[in-house]
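Protein chains: 2
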Amino acid sequence: MLKTLPGATPLPTTPDLSAASSVAALQPLKVACASCNLRELCLPVGMTANDLARLDGLVDKRRSVPRGGHLFRNGEHFEAIYAVRTGFFKTCVSSEDGREQVTGFQMAGELLGLDGISSDHHHCDAIALEDSSVCVISYAQLENLSREFTVLQHQFHKIMSREIVRDHGVMLLLGNMRAEERLAAFLLNLTQRLEARGFSASSLVLRMTRVEIGTYLGLKLETVSRTFSKFHDDGLMEVKQRQLRILDQAGLQALVNNSRC
Amino acid sequence: MLKTLPGATPLPTTPDLSAASSVAALQPLKVACASCNLRELCLPVGMTANDLARLDGLVDKRRSVPRGGHLFRNGEHFEAIYAVRTGFFKTCVSSEDGREQVTGFQMAGELLGLDGISSDHHHCDAIALEDSSVCVISYAQLENLSREFTVLQHQFHKIMSREIVRDHGVMLLLGNMRAEERLAAFLLNLTQRLEARGFSASSLVLRMTRVEIGTYLGLKLETVSRTFSKFHDDGLMEVKQRQLRILDQAGLQALVNNSRC
DNA sequence: CGTGCTCTTGAACTTCGTCAATATTTGTGG
DNA sequence: CCACAAATATTGACGAAGTTCAAGAGCACG
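Protein chains in written order, with this note's numbering: chain A, 2 to 262; chain B, 2 to 262.
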């Protein structure tokens with residue numbers, strides 16, 4: 002049973018969508034994508050049972066990362082990509098003079114480390130925002146297997162391409178939108194991804210701080226906080242620190258689509 | 002001989018780095034990467050003569066795009082990626098309410114269309130900023146060939162990954178930098194890429210308008226114009242409409258690295 | 001040799017950042 | 001389990017950076 006705060010609703014934690022994970026975490030032996038509940042969201046999206054069988058052996062191990070820990074760091078040698086099993090990550094790049102940019106938040110089923118292929122070294126830091134576990138996918142093995150397995154090859158290309166498309170969307174957000182629009186777009190994206198994973202689309206607990214949200218959206222933490230307060234005042238959502246309840250999704254959507262209405 | 006304007010220095014136009022292009026443009030027959038002068042900048046980077054021979058047939062045709070014309074449009078069916086042979090492109094995405102974001106400028110040797118793999122449809126517009134020509138690389142053929150040709154497979158992955166890394170750099174720029182820093186970073190990136198193509202790193206003609214630069218950097222055209230004027234006044238460069246001469250590259254670099262010095 | 005289009009520049013205004021004070025929550029060790 | 005310290009979040013007042021609006025100058029193309 003989860004601990005609850007007096008007078009507060011129970012904190013929803015990330016449900017474990019993957020199969021038999023509590024056992025697997027203790028016995029990190031052979032794990033097959035075929036028996037993973039995340040397969041509809043992860044690398045094997047859209048594969049048949051037959052296809053899935055061929056993935057056997059691609060994921061050779063798992064890795065746990067405690068909250069605040071690094072999955073990998075900028076500059077480290079690249080040799081594997083990672084699929085989030087449980088937990089939540091952020092990736093960030095930084096400039097020479099120390100300014101940071103969060104380039105993304107990753108949840109169950111999403112891939113990390115694609116930036117490393119370009120030069121055999123990682124170009125960002127990947128940090129767990131809560132205790133997390135990932136599947137380790139050897140990149141060499143992935144290349145080998147995808148040479149004889151067309152479906153995997155195509156799927157992998159699609160995932161890289163999707164990351165490029167996503168990045169372009171973030172550029173549009175950073176280059177054109179005002180604070181309210183950015184935060185609304187961010188929240189809608191977040192709830193949409195949570196919903197795809199079986200969570201409520203209206204009630205959520207943020208896994209990241211105001212600073213981290215700001216560092217993703219190109220805003221300062223005070224602006225993020227103020228904008229949350231404004232959304233609250235406007236009746237769009239209840240905001241209580243990191244606990245959110247969306248009251249007017251359409252209202253948020255309208256903010257994103259239309260600058261001044 | 003190039004046409005020159007009276008009293009003005011000759012306008013440097015894009016030199017043709019590819020082999021026998023003026024003939025090829027008229028006779029768009031078989032062209033091999035092996036005999037293309039762009040091979041050191043394009044898909045075949047780092048390949049041996051042996052490798053290059055295996056690329057034969059990958060580029061099945063060429064295409065010319067007049068200034069202002071679309072190479073492809075958002076929503077169009079995706080079936081090929083394109084390598085710029087001559088000329089200059091921009092890619093842009095736009096939001097529902099019509100706001101635009103230029104996601105990149107592409108010059109000789111750079112690839113266009115990678116965004117299309119994600120969903121078999123293009124997610125941006127690619128528009129020529131001057132009369133241009135591209136090599137058409139059938140994506141199906143590229144997938145086929147890269148299944149039996151490890152070097153190509155790896156090279157293609159690297160290029161996609163590099164695009165992701167580049168995009169993250171743009172996010173950092175859009176999320177953290179002030180107008181002067183953005184423009185300085187943009188100009189340094191541009192001159193560096195021009196230099197890699199055999200142009201002077203200090204003297205260039207912009208192929209894009211102030212509006213387009215602003216739409217890339219998340220600034221309004223007036224801000225871009227004012228910032229150019231400031232760079233001029235500060236002795237960093239000569240600015241005469243689109244004709245630029247960098248006088249103090251180190252000064253520009255210092256602007257990028259260090260917010261206030 | 002006009003007529004677009006592009007660019008420059010000024011002035012008022014808006015948005016967001018900065019600085020500062022305070023509140024709330026979380027984590028830690030007694 | 002409580003108390004204290006550290007981290008996180010809220011809110012206000014003010015200022016800086018960039019946008020908007022407007023007018024005019026410079027080029028480029030037919």
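For glycine and all other residues, C-beta sits at the position ideal for the given N, C-alpha and C.
Because the structure is a prediction, the values reported are computed rather than measured.
{"Item": "Taking only beta-carbon atoms, is R211/A less than 8 Å away from chain B?", "Value": "no"}
{"Item": "By the criterion of Cβ-Cβ separation under 7 Å, what are the contact partners of G199/A in chain B?", "Value": "Per Cβ cutoff of 7 Å: no residues; G199/A is ~24 Å from chain B at best."}
{"Item": "Does T210/A come out as helix, strand or coil in the three-state DSSP assignment?", "Value": "coil"}
{"Item": "Which term fits Q254/B, buried or exposed, when burial requires 16 or more other beta carbons within 10 angstroms of its beta carbon?", "Value": "exposed"}
{"Item": "At a Cβ threshold of 8 Å, is G58/B touching chain A?", "Value": "no"}
{"Item": "Under 8 Å between C-beta atoms, does S23/A make it to chain B?", "Value": "With a pLDDT of only 40 at S23/A, under the threshold of 50, the placement of this residue in the model should not be trusted; the figure read from the coordinates follows. Taking Cβ atoms only, chain B never reaches closer than 8 Å to S23/A, which makes this a no."}
{"Item": "Buried or exposed: which applies to D116/A, given that a residue is buried once 16 or more other Cβ atoms fall within 10 Å of its Cβ?", "Value": "buried"}
{"Item": "When you compare the stretch 132 to 141 of chain B with the stretch 78 to 87 of chain B, are there three or more beta-carbon pairs, one atom per stretch, that lie closer than 8 Å?", "Value": "yes"}
{"Item": "Could you check whether the stretch 197 to 216 of chain B touches the stretch 238 to 248 of chain B, counting it as contact only if at least three pairs of C-beta atoms, one from each stretch, sit closer than 8 Å?", "Value": "yes"}
{"Item": "Are the stretch 66 to 79 of chain A and the stretch 166 to 185 of chain A touching by the rule of at least three beta carbon pairs closer than 8 Å?", "Value": "no"}
{"Item": "Taking only three categories from DSSP, how would you classify V240/A?", "Value": "strand"}
{"Item": "Have a look at I160/B, F79/B, G99/B and A251/B and flag the residue whose alpha-carbon is nearest the alpha-carbon of D235/B.", "Value": "A251/B"}
{"Item": "Hey, A197/B and V257/B: beta-carbon distance below 8 Å or not?", "Value": "no"}
{"Item": "Applying a beta-carbon distance threshold of less than 7 Å, which residues of chain B neighbour G236/A?", "Value": "Here the premise fails: no neighbours, minimum Cβ distance about 23 Å."}
{"Item": "Look at the Cβ atom of L44/B, then the Cβ atom of Q156/B, and state whether they are nearer than 8 Å.", "Value": "yes"}
{"Item": "Which parts of the stretch 24 to 100 of chain B are runs of the beta strand (DSSP E), unbroken and 3 residues or longer, counting only runs that do not cross its ends?", "Value": "60 to 66, 71 to 73, 81 to 87 and 89 to 95"}
{"Item": "Expressed to the nearest angstrom, what Euclidean distance is found between the alpha-carbon atoms of L27/A and R63/A?", "Value": "Low local confidence applies: a pLDDT of 40 at L27/A is under 50, so the model's placement there is unreliable, with the coordinate-based value given in what follows. If you take the alpha carbons of L27/A and R63/A, they lie about 11 Å apart."}
{"Item": "I think V66/B touches Y217/B, with their Cβ atoms under 8 Å apart; what is that distance to the nearest whole Å?", "Value": "About 19 Å separates the two Cβ atoms, so there is no contact after all."}
{"Item": "Is any beta-carbon of chain B found at less than 8 Å from that of S162/A?", "Value": "yes"}
{"Item": "Taking Cβ-Cβ distances below 7 Å as the criterion, which residues of the stretch 172 to 190 of chain A are in contact with chain B?", "Value": "M172, L173, L175, G176 and N177"}
{"Item": "Classify I74/B as buried or exposed, calling it buried when 16 or more other Cβ atoms lie within 10 Å of its own Cβ.", "Value": "The sequence as given places Arg at residue 74/B; Ile does not occur at that position. So R74/B ends up on the exposed side."}
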